[in-house]
Structures are given as structure tokens and as C-alpha cells.
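**Student:** Residue numbers (our numbering): 1 to 133. Quick reminder that beta carbons are idealized off the backbone N, C-alpha and C, glycines included.
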């Protein structure tokens, strides 16, 4: 093998090696972006679920006659967040529906927490029953 052939062979190995390294690096950075997005979605879902549970507990602790609906647009709840060191906020719209399933005895209470995330509307719904003792 001539000296110039060995140089070309080494150059090709380096170019292919750098190409494989670049592809692997792009894949790793893609995973970082996807992980951040998934983490944000999970955090917002947990916050919304917490807000729905709190609202449901507040309604369930009231006297039977005091349990009433809070129609749309509902209560707007702003929760401050911190993403990659940058402050932000999530605005939740909390609505409460009350249906008297057995008049004077039982009410169905449904709490809906809605928010927008990257242009996609999301929501969490929880329900329970309140009975007249």
C-alpha cells in the first residue's frame, strides 16, 4: 500500500467517525428536548390534578345546600413555575358542575381543570358525590 493510499484511508475513517459521532449527538439532543417537553406535561398534569382534588375536597366539605355549580369561565388559578431557571406560569381554568341525582339526597359534583400547553388544550376531570345526612 502506498503512502498516499494510507492517508486517504485514514481521512475516510476520520470523516465516517465524525459523521457517526454527529448523528449520535443529534439523537442525544433530540432526547433532551423530548424529555423536557414530557417533564413539563407531567408537571402541568400533576398541578391540575392537585387543583382539581383541592376544589373537590372544598365542595365535599360544604353543607349540602351550599354545594353549587361554578359555571364557565370558572375560577382562573395561576401557578408560578420554574423551567430551566426561567420563571413562568400556568393558568388553570377551574369549573365545577353540580347535578342533583336524587333530589334532596345526593348531588354529583364534577370539577374540570383546563389549561393550554404549547397550543394544545388539555383538561383533567374528577367527580364525587355529596349526600345530605
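When the distance is taken between beta carbons, is residue 97 closer than 9 angstroms to residue 109?
**Tutor:** Yes. Within cutoff.
**Student:** Determine, using beta carbons only, whether residue 94 and residue 111 come nearer to each other than 9 angstroms.
**Tutor:** Taking 9 angstroms as the Cβ cut-off, residue 94 and residue 111 qualify as a contacting pair.
**Student:** Have a look at 133, 15, 126 and 131 and flag the residue whose alpha-carbon is nearest the alpha-carbon of residue 51.
**Tutor:** Considering only alpha carbons, the answer is 126.
**Student:** Note the first and the last residue of the continuous beta strand (DSSP E) segment covering residue 109.
**Tutor:** It spans 106-117 - the beta strand (DSSP E) in which residue 109 sits, taken as one unbroken run.
**Student:** Is residue 130 closer than 9 angstroms to residue 107 when the C-beta atoms are compared?
**Tutor:** Yes.
**Student:** Just list the residues that DSSP pairs residue 87 with in beta bridges.
**Tutor:** Answer is 82.
**Student:** For residue 33 and residue 24, what's the separation of their Cα atoms in angstroms?
**Tutor:** Near 15 angstroms, if we compare the C-alpha coordinates of residue 24 and residue 33.
**Student:** Which partner residues of residue 100 appear in the DSSP bridge assignment?
**Tutor:** Partner(s): 107.
**Student:** For the candidate residues 100, 81 and 73, whose alpha-carbon lies nearest to that of residue 41?
**Tutor:** The residue with the shortest Cα to Cα distance from residue 41 is 81.
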